[in-house]
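Reading through the structure tokens given below for one structure.
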Amino acid sequence: MAEEENDEFNFNMWYHFILWLIVIFIWWKWRDGENLDDVDPEGKYIFITGCDSGFGKLAALTFDRRGFQVIAGCLTERGAKELKEESTANLQTVQLDVTNSDNIKQVAEQVKKEVGQRGKQLSPVAGCFSLLTK
1 MAEEENDEFN
11 FNMWYHFILW
21 LIVIFIWWKW
31 RDGENLDDVD
41 PEGKYIFITG
51 CDSGFGKLAA
61 LTFDRRGFQV
71 IAGCLTERGA
81 KELKEESTAN
91 LQTVQLDVTN
101 SDNIKQVAEQ
111 VKKEVGQRGK
121 QLSPVAGCFS
131 LLTK
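Now the structure itself:
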């Protein structure tokens with residue numbers, strides 16, 4: 001009986017260990033941006049909200065450095081100014097308060113004018129909205 005419990009414990013331990021290795025491997029590949037290597041950034045627009053700090057700012061700067069046209073939504077003028085100082089000419093900022101419906105509509109019109117008919121897809125990705133074009 002004790003041997004069966006030991007075998008079950010060993011199986012569970014190895015199962016969880018291998019599962020964590022797989023999760024870490026997938027996270028590592030995602031973190032390195034392996035999925036972006038196949039995408040030609042030329043003429044592609046990405047719209048990201050929450051770019052004053054944190055993940056949004058990091059995502060905006062990462063896509064900007066990879067050559068994408070980034071439209072970064074910032075809540076504050078200070079956040080927009082700081083982001084602009086750290087970025088290239090591919091990144092433009094817009095003042096965006098996601099709790100204000102009128103502001104969202106106004107920014108959506110700005111983005112439509114900027115992107116024009118080149119916008120093909122609107123995809124929610126981890127709090128970001130990307131507007132990809134061909």
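Take the sequence shown: its position 113, counting from 1, is numbered 113 in the numbering used here, and each next residue is one higher.
Backbone N, C-alpha and C define an ideal beta-carbon position, used for all residues, glycine too.
Everything numeric in this text was worked out from a predicted model, so none of it was measured.
Under the three-state reduction of DSSP, which class applies to residue i: helix, strand or coil?
i      : result
Phe63  : helix
Leu132 : Because Leu132 carries a pLDDT of 46, less than 50, the predicted location of this residue cannot be relied on, and no value is offered for it.
Leu96  : coil
Asp17  : In the sequence on display, residue 17 carries Phe and not Asp. Residue state, collapsed to three classes: helix.
Check for me: the alpha helix (DSSP H) holding residue i runs from which residue to which?
i      : result
Val115 : Ser101 to Val115
Ala80  : Glu77 to Glu86
Determine the burial state of residue i: buried for a count of at least 16 other Cβ atoms within 10 Å of its Cβ, exposed for fewer.
i     : result
Thr49 : buried
Thr93 : buried
Below 9 Å between beta carbons: does that hold for residue i and residue j?
i      : j     : result
Val107 : Gly73 : yes
Phe68  : Ile46 : yes
Asp64  : Leu96 : no
Residue range of the beta strand (DSSP E) that residue i falls in?
i     : result
Gly73 : Gln69 to Cys74
Q | the region 21 to 30 in contact with the region 49 to 62 per 3-pair CB rule at 8 Å | A | Between the region 21 to 30 and the region 49 to 62 there are fewer than three inter-stretch CB-CB distances shorter than 8 Å, so the stretches are not counted as touching.
Q) Any contact of the region 56 to 64 with the region 82 to 93, i.e. 3+ C-beta pairs under 8 Å? A) yes
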